[in-house]
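Residues are numbered in this note's numbering as their position in the sequence shown, beginning at 1, plus a constant of 1339.
All C-beta atoms, glycine included, are put in the ideal place defined by N, C-alpha and C.
Just below is one structure, and these are the notes that go with it.
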Amino acid sequence: MEDLLIDTREGLAFVTFNRPQARNALTFPMYEGLANLCIAANDDPGIRAIIITGAGEKAFAAGTDISQFTEFRTAEQAIGYEHKIDRILTAIENCNKPTIAAIAGACTGGGAAIAAVCDLRIGAANARFGFPIARTLGNTLSMVNHARLAALIGPARVTDLIFSARLMEAEEMRMAGLLSEILPDHAALQARAATLAATVAGHAPLTMRATKQALRRLSAAARAIDGDDLVAMCFTSADFAEGVESFLARRPAIWQGR
1340 MEDLLIDTRE GLAFVTFNRP QARNALTFPM YEGLANLCIA ANDDPGIRAI IITGAGEKAF
1400 AAGTDISQFT EFRTAEQAIG YEHKIDRILT AIENCNKPTI AAIAGACTGG GAAIAAVCDL
1460 RIGAANARFG FPIARTLGNT LSMVNHARLA ALIGPARVTD LIFSARLMEA EEMRMAGLLS
1520 EILPDHAALQ ARAATLAATV AGHAPLTMRA TKQALRRLSA AARAIDGDDL VAMCFTSADF
1580 AEGVESFLAR RPAIWQGR
């Protein structure tokens, strides 16, 4: 079974995170496959819009597969990881074709970051969004991702989500501007995603491209601030090692603040 499914038909590229047994947790090849599609789509007249979703009803994507963190020991590994993820997100963000996230179930961590950089987001009634890292791993978002989220939902909501480690439910997501529509179930979500993508794909491409570029330029200044020291502090800590170990062992973490 392929972990990332890509199906292009009638000018629409349907991308599916296909690890339902792992709540569609993202491996590095899945990240790279999505980025490569977005880069290739820039010059592909056969793709007019991209829909990103998760297999099944339980999760859009539950973040990066935690098993990929077990060997993390150094600041270079931590910073390299965040730079890799930022490169992936930038490829999605810079794609000149409209991108739509169709969210059912949990949309957390790296999955939430992907959804946040899409142009449009719609969700099923069971959609949930957040970054529960203060409860699970004890790591941090990069400076760029803090800036992306703050621009999207505001600093107060970002602080609330991370400090509380809670997940927004679908209606709160809509009220915060994360979702433009809520559909009753997974089937309705998939049907609406296809219809919405077809509608957007039929509009003036230069208008959409200019809008995307304009919004990126507005937030460019905040993204230039360096935060590698914060990434290194968290990812190389004893708490992060404990978070990974406890997550994989399915037990509560014991935090020490070091």
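Runs of the alpha helix (DSSP H) lying entirely within the region 1391 to 1458 and spanning at least 4 residues, in chain order: 1414 to 1432, 1449 to 1456. Gly1469 is positioned such that its CB atom lies no closer than 7 Å to that of Asp1578. Comparing C-alpha distances from Asp1565 to each of Val1583, Leu1373, Asn1484, Gly1493 shows the shortest one belongs to Asn1484. The residue from Leu1344, Ala1414, Val1570 with its alpha-carbon nearest to that of Leu1376 is Leu1344. Residue state for Glu1349 is assigned as coil, using DSSP reduced to three classes. Sequence-distant Cβ neighbours of Ile1492 in its own chain, meaning closer than 7 Å and more than five residues away, are Ala1515, Gly1516, Leu1517.
Assigned with DSSP and collapsed to three states, Leu1522 falls in strand. Comparing C-alpha distances from Glu1396 to each of Phe1586, Cys1446, Pro1384 shows the shortest one belongs to Cys1446. With at least 16 other beta carbons inside 10 angstroms of its own, His1525 counts as buried.
Beta-bridge analysis with DSSP links Leu1343 to Phe1356. Residue environment analysis places Asn1363 among the buried positions, since at least 16 neighbouring C-beta atoms fall within 10 angstroms of its C-beta.
Per DSSP, reduced to three states, the secondary structure at Ala1553 is helical.
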